[in-house]
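S.K.: Below is one structure. I have some questions about it.
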Amino acid sequence: MNQKAHPFGSPDPQEEELDAEIRSIRAQISTLAHRKRILTTSLLSSPKIKTLLQNQTSTTTTTTLTTLKEDLSPLVTAAGAHTTTNHHRIAFGATAFPFKDPAPNSPDPNLLGIRIDVCARDGRFAKPYYVLLRQERGRRNGQQQQRGNGNGKRLCVHRHTIPAFISVDRLAGVYLPLPSSSSSRHEEDGSGSSGSESESESGPMKPGQARSTRRKQDLRGFVRELRRELVAWHLRSDAVVFLREKLGLIRDSESETDANANEDEEEQPWGEKKSPPRNDLGIIGLEATAVEARYVRMEWEDGRLGRFKLSNAGLVERAVFMNDRGRDKKVEDAVTGGGGEGGVAF
Amino acid sequence: MARSRTVRAPTTASLPNSLRIPSTTPSLSKTLGKLSRPALLDLAISWLEDRNVESFPPYLQPSDTNNHDNEETLPYPAAETLAEVREAYIDLRDRKGGKQEIIERILEGDWRHGITLRQLAMADLRYMDDRPASLRWTAMELVRLNDDATSKSKSIRDAIAIASEDWSANIPRIQAASFVKSLHAEIAPLVKAHYHLSRSSTLPLTFLRIFIIDSPYQTPRHQPEIFTDATRIIYIAFPDSCPYFYTSSITTSNASDSNSRSGSLATDPRTLQRLVREAIPKALSRPHQRFTLKPTALAAKNLQTLLTLRGPGRSTSSNGAFSIFADAALEGSPLDPRPSNTVLAEEHMRGRESISSMHDDKENHTHDHDNASKSARPANKKRPSGSGTAAMPDGALSPDSKKRRLAVESRFGTVGCSVTPAPLDRLDIRLLDTPGAEEDANANTDRNAANLAPAVSLTFTGSDVIGGIRKLAELGVVDPERMPSWMTGEDAVSTAFVRGGTRLHVDRG
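Line by line, the protein sequences give chains A and V. Sequential numbering from 1 applies to the first sequence in the working numbering. Sequential numbering from 1 applies to the second sequence in the working numbering.
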C-alpha cells in the first residue's frame, strides 16, 4: 500500500506537464535574452558598424542621425574600450589594472592588480587568475635610509588566486625580493601562507645587507614565470584529458579504481567488473594523480601499472612501468625516449 | 584472526585490521547507531564487497551441523553462503523499517563473532561523510625547511636556477601506503595504533583515521569499550595538491573525562594525539626535503570551510574584499563581448553555465540572502538586535542604503553568496591596541607595553560568523566603510591578534 500511495500523493500529471513546459519556456527566454545581449554588444563593437557610424556623422548631419549618434556614442566607446581590453588579454595573456583596497587601515590602499588569462584546449578561457601587489615603502622601519639609493617602490604580493600547488611565495622570493628589513613587516600583513617566503628569501640574503639592496625586483620575470607555470599546468591537464578521450576512458572513470573483477556477478556492487577497454592497447586507466597533473598513472587490463612525470615543457621526464616480472624497461624507454613522442606530445 | 591468549609479546607492529571487538560491547551499537538507516545498509553492503569481505567475512553456517540446535535459538540464523547474506541486505534496502533491526542483524547475526577494527573505521568515516560538521578541525601548514646550510651561501643565480626547476615542489608528494608506513615507524615506539586510509566520497580529501592505544601488545587486554573511545581517534584529512592538512581536535569535555579516568600522563589521549601530530611532518619528509608544521590560526567545524580557506583552490589567499577575484566575479572571459560593468557578478561567477532566471532577480537574491543569514547572526553582545529597524525594506532603496549596500559589497565581496561558501563557526579576536595610544607612531616600543595594558578579546560564535557580520553591516549596525578588515574575513583565520585594525603574526615566536 505504501508504494501505491506515491502516484496519488503527487500532483496532477497534467499540471506537472504544464509546469515543465513553463520552466522550459522560461529557460528558453533567458537563453535568448542572453544571446540578444551578446549579439548587440558584438554588433556595437564590430569595426564595420564603427566605421559606418563615423562616416555617417562626418558626411551628413541630419537631426535624426545626431540624436542617434548621441544615443550610441557612449555605448560605442564603452564597447570599443572593452574590445581593446579583451584583445590585450587574448594576445598578451597578462594585463595589469589598478585596484583600491577598501580596508580603512591599510597603509597602502592602492594595489597593482595583474590578471593572467589562460586559454584551455577547447578554445575557452579559464577563470582569470589574479595577483594583487602592494607597494612596500618600509617607512615604519629604521632601515629606510638605505632605500634612498634604490628606487623607492618595492612590490610584494598581497593577495592572489593562484592555486596552492604553485608556490607564489617562492616565486616572489626569487623575483620580488624585499630587503630583509621589511620582510618581517611583510610577513605580518600577509596571510598565513606567506611564511615560507621569508624563509626562502632570507636564504640567499643572509650573507650581507649590501647584496640584498643590490637585488632588483623583476616584476616582468615574476609574471612571466607565473604565467608559464599556469599555462604548463593547463597544458598538462589538457593533455591528460586528451589522452583519456583518445583512449575512450572518459565515461568509465568511476569503475576503473576497483581492482577486483568478478565474473559471475555483474550487476551486483560486490564485484565491480572492470569495463572492457575501448582501445586496442588494453589500457583501462589513465589519470592524473593530483590536481596539478604532474604525475600520470596508467593501468593496463592485464595488471600492468605505470606512472610518469610530465615536465613543464610537455615532455615525459621520468617513467616507471611495472609488469609481473618487475620494471618494464621497454615501455619506459618508449615513453621517455624520443622527446616523449611515445607518450605525450602536446 | 581470533584473539590468541597464549602468545603475548610486546611488538611495534600496528594493530591488525582484523582485530575483533566482541559484538556484545554496548558501545558498538552506539557507534553504529549514529548512522542513518541507508548509511548502515550501504556500509554493510560495502563490507560484503569482494575486496573487503575477505578481511572480515560474515558468520556463516558451519559445514558440520552438529550444533544446529544451538543456532535455532538465536534470532538471526546464520546464512549458508555469502550470496545469502548479500541478498538479505539487499532485501532490507528495498523495504522500509527502522535502523535498529539492521544494527541488531549486524551485531547479533552476520558479525556475531566480532566487528573488526577496519569495519569500525569504515563506520566512523561513513559517519563523517554524512555529517561533515561533526568534528572540529584545525588546519596546519607544511612548510619546507631550508635547513640546508649550503643554500645560504649559494649565489642568487643558483637559487633561481634551482627554484625554476619546479615551482610546484612545495607540496609533499604523498603515496598513501608509504606515508602510513613511515608514520608508523615514527610513532610505533611510543604508541600502538591502527591506521585506516580512505577517500572522502563527497570532498576532495583523503582521510587517515588513527586509533591509538597505549599498550605494546598485539591483542591489548583493555576493555573492549576503549576501541570506540572517541578521544583515542585522530582524524587527519589531506586535501589534494596543497601544502595543508587538517587534524581533528579533541573536545575538551571528553579529554577531561579521560584525564580523570586514566590519571597517568603517558596514557592521556591528548599526549598521544600530540605525538601523532608531531610525527606527521617527519613521516612526510624525505632526504633533502624536510617539512615542518606551522599553525595557520584556522579552526572550523566545517570541512568545506577549511577547503575553501586553506585548500588547493583559488580562494586560499583571497578572501573578504578580495573574494571577487577568487570567484572571478569582476570580469568575464576575454571572449565575452559585453562590457564587464554591465554584467551581474553572479553571472560572471556562474560562467557559461545555465543563466536561467538571472535577470530580474536582484530583489529575489537579496531576499534569499536575508533568509539564509538570518539564522547565522552571531552573538553580538555589544548591540541588541533591535537596532536592525534602521534597515529599509528591500524594495525601496533609499540613496543612503544603496550607498551602504555598495560599501558592503566592496568590503565583503562575494562572502555569503559565493560559489564556495566558507562559514566560520567561531572567530576569536584579541585586540592589542592600547586605549588612546597612537598605534602607528611607535609600534615597536609599545609591544612590551601591550603586555601590561588591558587586552580586549572578542569571540563570535554562530553558524556563519562572517556572513552574520555582513548582515549586520547591511542593516547598518556596523559601519561598512570604517570596519577593520578582519571583520570581513579577509585574513581567513579563526584566531587573530589585531593591532590598529590589521592582523599580527604573533606565532612567529
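Beta carbons are placed, not taken as given, at the ideal position from N, Cα and C, and that holds for glycine.
What are the residues in the region 312-325 of chain V lying within 7 Å of chain A by C-beta distance?
M.R.: Residues passing the 7 Å Cβ filter: Pro312, Gly313, Arg314, Thr316, Ser317, Ser318, Ala321, Phe322 and Phe325.
S.K.: From what residue to what residue does the beta strand (DSSP E) around Thr25/V run?
M.R.: Per DSSP, Thr25/V belongs to no beta strand (DSSP E) and is neither H nor E.
S.K.: Is it right to say His196/V is buried, meaning 16 or more other beta carbons lie within 10 angstroms of its own, or is it exposed?
M.R.: Counting Cβ neighbours within 10 Å, His196/V comes out buried, since at least 16 surround it.
S.K.: Would you decide whether Asp42/V is buried or exposed? Buried here means 16 or more other CB atoms lie within 10 Å of its CB.
M.R.: So Asp42/V ends up on the buried side.
S.K.: With a CB to CB cut of under 7 Å and the five nearest residues on each side skipped, what residues in its chain are close to Leu28/V?
M.R.: Result list for Leu28/V: Ile21, Leu107, Ile115 and Thr228, in chain order.
S.K.: Going along the chain, which residues of the region 329-340 of chain V sit with their C-beta nearer than 8 Å to a C-beta in chain A?
M.R.: Answer in chain order: Glu331, Ser333, Pro334, Leu335, Asp336, Pro337, Arg338, Pro339 and Ser340.
S.K.: Would you check if the distance between the CB atom of Glu225/A and the CB atom of Tyr175/A is smaller than 8 Å?
M.R.: Yes.
S.K.: By how many angstroms is the C-alpha of Pro172/V removed from the C-alpha of Arg86/V?
M.R.: Computed Cα separation, rounded: 41 Å.
S.K.: Once you ignore the five residues that flank Tyr127/V on each side, which residues in its own chain have a CB closer than 6 Å to its CB?
M.R.: Within the same chain, Tyr127/V has close Cβ partners Lys34 and Leu35.
S.K.: Compute the distance between the beta-carbons of Arg159/A and Arg236/A, then report whether it is under 8 Å.
M.R.: Result no, Cβ atoms of Arg159/A and Arg236/A do not sit closer than 8 Å.
S.K.: Provide the residue span of the alpha helix (DSSP H) that contains Asp333/A, from first to last.
M.R.: Element bounds for Asp333/A: Lys329 to Thr336.
S.K.: With respect to the alpha helix (DSSP H) encompassing Asp31/A, which residues constitute its N-terminal and C-terminal limits?
M.R.: It is Thr, not Asp, that sits at residue 31/A in the sequence shown. Pro13 to Ser45 is the extent of the alpha helix (DSSP H) around Thr31/A.
S.K.: Report back the beta-carbon spacing between Ala455/V and Leu432/V to the nearest angstrom; my notes put them in contact at under 8 Å.
M.R.: Yes, they are in contact, since the Cβ atoms of Ala455/V and Leu432/V sit about 6 Å apart, within 8 Å.
S.K.: Quick check: what's the CA-CA separation for Gly282/A versus Phe245/V?
M.R.: For Gly282/A and Phe245/V, the distance between alpha carbons rounds to 37 Å.
S.K.: Between which two residues does the alpha helix (DSSP H) containing Gln291/V stretch?
M.R.: The sequence shown places Phe at residue 291/V, not Gln. Premise fails: Phe291/V lies in the beta strand (DSSP E), Arg290 to Ala300, not in any alpha helix (DSSP H).
S.K.: Comparing alpha-carbon positions, which option in Asn55/A, Asp238/A and Trp300/A lies nearest Asp280/A?
M.R.: Comparing Cα-Cα distances from Asp280/A to each of Asn55/A, Asp238/A and Trp300/A, the minimum goes to Trp300/A.
S.K.: For a minimum of 3 consecutive residues, which ranges assigned as the beta strand (DSSP E) are wholly contained in the region 79-113 of chain V?
M.R.: You should have found no qualifying run.
S.K.: To the nearest angstrom, how far is it from the Cα of Ile103/V to the Cα of Val53/V?
M.R.: Roughly 18 Å separates the two Cα atoms.
S.K.: Is the Cβ of Asn42/A closer than 8 Å to any Cβ of chain V?
M.R.: In the sequence as displayed, the identity of residue 42/A is Ser instead of Asn. Cβ-Cβ to chain V under 8 Å: yes for Ser42/A.
S.K.: Mind listing the chain V neighbours of Ser45/A? Cutoff is C-beta to C-beta under 7 Å, in chain order.
M.R.: Correct list: Pro337.
S.K.: Can you tell me which of Arg325/A, Arg318/A and Asp324/A puts its alpha carbon nearest to the alpha carbon of Ala334/A?
M.R.: Checking every option, the nearest Cα to that of Ala334/A belongs to Arg318/A.
S.K.: Hey, is Pro281/V's beta-carbon within less than 8 Å of any beta-carbon in chain A?
M.R.: Not closer than 8 Å to any Cβ of chain A, the Cβ of Pro281/V fails to qualify, so no.
S.K.: My guess is that Ala133/V and Asn302/V are in contact by the Cβ rule of under 8 Å, so how many angstroms apart are they, rounded?
M.R.: Contact holds; Cβ gap of about 5 Å.
S.K.: Measure the C-alpha to C-alpha separation of Ala290/A and Asp240/V and round it to an integer number of angstroms.
M.R.: If I take the Cα positions, the gap works out to 6 Å.
S.K.: Give the range of the beta strand (DSSP E) segment to which Val131/A is assigned.
M.R.: It spans Tyr129 to Glu136 - the beta strand (DSSP E) in which Val131/A sits, taken as one unbroken run.
S.K.: Quick one: residues in its chain with C-beta nearer than 6 Å to the C-beta of Val331/A, no 5 flanking neighbours on either side, listed in chain order?
M.R.: Hits under 6 Å: Phe321.
S.K.: So, Thr202/V versus Phe238/V, is the Cβ gap smaller than 8 Å?
M.R.: No, Cβ-Cβ distance for Thr202/V and Phe238/V is not below 8 Å.
S.K.: Could you check where the beta strand (DSSP E) with Ile234/V kicks off and where it finishes?
M.R.: Ile233 to Pro239 is the extent of the beta strand (DSSP E) around Ile234/V.
S.K.: Which residues of chain V have a Cβ atom closer than 7 Å to the Cβ of Asn161/A, listed in chain order?
M.R.: Note on identity: in this sequence residue 161/A is Thr, with Asn being the wrong assignment. Within chain V, the residues near Thr161/A are Arg314, Ser318, Phe325 and Ala326.
S.K.: Grab me the residues of Glu225/V's own chain with a C-beta within less than 6 Å of its C-beta, minus the 5 sequence neighbours each way, in chain order.
M.R.: Counting only Cβ-Cβ distances below 6 Å, and skipping sequence neighbours, we find Ser27.
S.K.: Can you tell me whether Thr24/V is buried or exposed, with buried defined as 16 or more other CB within 10 angstroms of its CB?
M.R.: Per the 10 Å Cβ criterion, exposed.
S.K.: In angstroms, rounded to a whole number, what distance separates the CA positions of Thr81/V and Leu48/V?
M.R.: Answer to the nearest angstrom: the Cα atoms are 12 Å apart.
S.K.: Say whether chain V places a C-beta atom closer than 8 Å to the C-beta of Glu292/A.
M.R.: Yes, Glu292/A counts as interfacial toward chain V.
S.K.: Does the region 474-492 of chain V come within contact of the region 98-108 of chain A, defined as at least 3 CB pairs closer than 8 Å?
M.R.: Touching, yes, given that three or more Cβ pairs across the two stretches are closer than 8 Å.
S.K.: So, does the CB of Asp117/A fall closer than 8 Å to a CB anywhere in chain V?
M.R.: Interface residue, yes.
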